[in-house]
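Just below is one structure, and these are the notes that go with it.
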Amino acid sequence: MDAIEQTQKAATRIAALLRAGDVVGLYGPMGSGKTTLVKYIARALKTTDTVSSPTFSLAQRYDGTLPLWHLDLYRIEEADLYDIGYEDYFYPEEAATLIEWPEKAGSLLPETAFTLCLTKDENRTIQIDPRLLEREQK
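Oh and the sequence shown: position 17 is 17 in my numbering, straight run, nothing missing.
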């Protein structure tokens with residue numbers, strides 16, 4: 001199975017576990033596949049929206065079986081999050097939020113946020129937060 005197929009499989013698994021109100025931080029270096037993973041998660045949630053990196057717009061919404069907010073905080077500082085009304089994204093009621101570069105949110109990132117850690121090596125791995133995986137048991 002190649003990297004794209006592995007990413008699609010992981011995205012389908014993650015999408016099935018997401019619920020409204022979830023916040024998920026995507027950690028990994030530049031080029032590790034964060035935006036690609038979001039694209040496949042959104043596709044698994046039946047969005048027909050075009051998924052792309054919101055590096056300059058900061059946030060995009062994708063509608064599907066579960067609406068998604070997609071944030072890219074690469075070019076932002078923690079203090080700037082107040083200006084964009086971060087609460088709407090970090091405490092979504094009717095959607096889930098996927099955040100690229102969540103470390104830029106600092107102390108504003110909810111303690112309950114799940115983590116997905118992507119590596120950029122020859123194997124390109126995705127580590128899924130064990131708390132999120134617990135939902136498979138229920």
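Every residue gets a Cβ at the ideal spot worked out from N, C-alpha and C, and that includes glycine.
Rounded C-alpha distance that separates residue i from residue j
| i | j | result |
| --- | --- | --- |
| aspartate 63 | isoleucine 76 | 25 Å |
| valine 23 | aspartate 2 | 28 Å |
| leucine 118 | threonine 35 | 11 Å |
| glycine 33 | lysine 120 | 8 Å |
| alanine 10 | leucine 133 | 11 Å |
Reduced DSSP secondary structure (H/G/I, E/B, other) of residue i
| i | result |
| --- | --- |
| aspartate 2 | coil |
| valine 23 | strand |
| leucine 37 | helix |
| alanine 113 | coil |
| isoleucine 14 | helix |
Residue i, buried or exposed, once every other Cβ within 10 Å from all chains shown has been counted against 16
| i | result |
| --- | --- |
| glycine 106 | exposed |
| threonine 97 | buried |
Of the residues the options, the one placed nearest residue i, counting alpha carbons only
| i | options | result |
| --- | --- | --- |
| alanine 59 | Ile84, Tyr91 and Lys120 | Ile84 |
| isoleucine 12 | Gly28, Leu66 and Met30 | The question names isoleucine, yet the displayed sequence has threonine at residue 12. Taking only the C-alpha atoms, the option nearest threonine 12 is Leu66. |
| methionine 30 | Arg124, Gln8 and Leu133 | Arg124 |
| arginine 61 | Arg131, Thr112 and Pro92 | Pro92 |
What are the complete beta strand (DSSP E) segments, minimum 3 residues, inside the segment 41–100? 59–62, 68–72 and 96–100
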